[in-house]
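Engineer:
Numbering (our numbering), first residue to last: 1 to 179.
Pasting the structure below:
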């Protein structure tokens with residue numbers, strides 16, 4: 001199973017899923033260029049069954065885990081602005097044609113993995129709750145961009161419902177198609 005995250009509230013709270021579900025949770029992330037901060041992040045944001053994996057080797061890990069038949073969860077922050085125009089899907093996001101990484105869609109369809117969106121809601125300091133929305137069941141035959149557009153739609157809806165919970169400073173629209 002894959003859980004797609006946005007920069008909503010404390011997305012790192014999802015790491016505790018390994019304790020709740022009692023299955024390995026793989027946090028797919030892009031290693032930070034600052035090795036000290038990267039090490040601190042991996043050492044301080046973890047649970048017993050949480051494994052951080054480099055986004056460049058995510059497909060290999062998913063293949064390995066799926067061959068083993070081990071129930072697992074893969075967490076991916078999927079709303080980051082791509083560095084290049086290769087490997088992206090351009091989809092509608094707040095009425096703007098916006099690039100999204102296609103990794104979740106590629107991996108979900110390749111490995112027939114269901115994809116959920118984690119809508120993390122703030123309750124009070126240090127207390128959050130999460131609503132999970134199924135965006136792909138792992139079996140449905142879909143056109144290219146469908147899963148990516150569904151993710152963008154549920155993320156947009158969550159942001160509209162709680163705009164103060166989104167990390168607006170992460171420059172989501174660095175690249176857009178000019179009309």
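The beta-carbon is built from N, C-alpha and C at its ideal position, and this holds for glycine as well. Please read all numbers here as calculations on a predicted model, not as lab measurements.
1) Give every residue of the same chain whose Cβ lies closer than 8 Å to the Cβ of residue 156, excluding the five residues on either side of it in the sequence, and list them in chain order.
2) With distance defined between alpha-carbon atoms, name the residue in 137, 126, 150, 121 nearest to residue 164.
3) So, are the CB atoms of residue 117 and residue 77 less than 8 Å apart?
4) Tell me whether residue 38 sits in a helix, a strand or coil according to DSSP, three-state version.
5) Restricting to runs no shorter than 3 residues, where is the beta strand (DSSP E) found entirely within the segment 80-125?
6) Measure from the alpha carbon of residue 147 to the alpha carbon of each residue in 47, 103, 169, then state which is nearest.
7) To the nearest angstrom, report how far apart residue 183 and residue 113 are at their CA atoms.
8) DSSP three-state call for residue 180: helix, strand or coil?
9) Taking DSSP as the reference, what is the three-state secondary structure of residue 4?
10) Using beta carbons (cut-off 8 Å, strictly below), is residue 81 in contact with chain D?
11) Find out if the Cβ-Cβ distance for the pair residue 7, residue 166 is shorter than 8 Å.
12) Using DSSP with H/G/I as helix, E/B as strand and the rest coil, what is residue 65?
13) Under a Cβ-count criterion, where at least 16 other Cβ atoms within 10 Å of its own Cβ denotes burial, should residue 151 be classed as buried or exposed?
Structural biologist: Reading off the structure:
1) Position 156 of the chain shown, counted from the first residue, corresponds to residue 156. The residues are 93, 94.
2) Here residue 164 refers to the residue found at position 164 when the chain shown is read from its first residue. Comparing Cα positions, the closest option is 121.
3) Taking the first residue of the chain shown as 1, we reach residue 117 at position 117. Taking the first residue of the chain shown as 1, we reach residue 77 at position 77. No, the pair does not count as a contact, with Cβ atoms beyond the cut-off.
4) Mapped onto the chain shown, residue 38 falls at position 38. Residue state, collapsed to three classes: helix.
5) 88-93, 96-101, 115-124
6) Here residue 147 is taken as the residue at index 147 of the chain shown, counted from 1. Looking at the Cα atoms, 103 is the closest of the given residues.
7) No answer is possible for residue 183: it lies beyond the span of the chain, which begins at 1 and ends at 179.
8) The question about residue 180 has no answer here: the residues shown for the chain are numbered 1 through 179.
9) One-based indexing of the chain shown puts residue 4 at position 4. DSSP places residue 4 in strand when its eight states are reduced to three.
10) The structure shown has no chain D; it contains just one protein chain.
11) Along the chain shown, read from residue 1 onward, the residue named residue 7 stands at position 7. Along the chain shown, read from residue 1 onward, the residue named residue 166 stands at position 166. Cβ distance < 8 Å, so residue 7 and residue 166 count as in contact.
12) On the chain shown, residue 65 is found 65 positions in, with the first residue counted as 1. Helix, per DSSP.
13) To locate residue 151, count along the chain shown from 1; it is residue 151. Residue 151 comes out buried.
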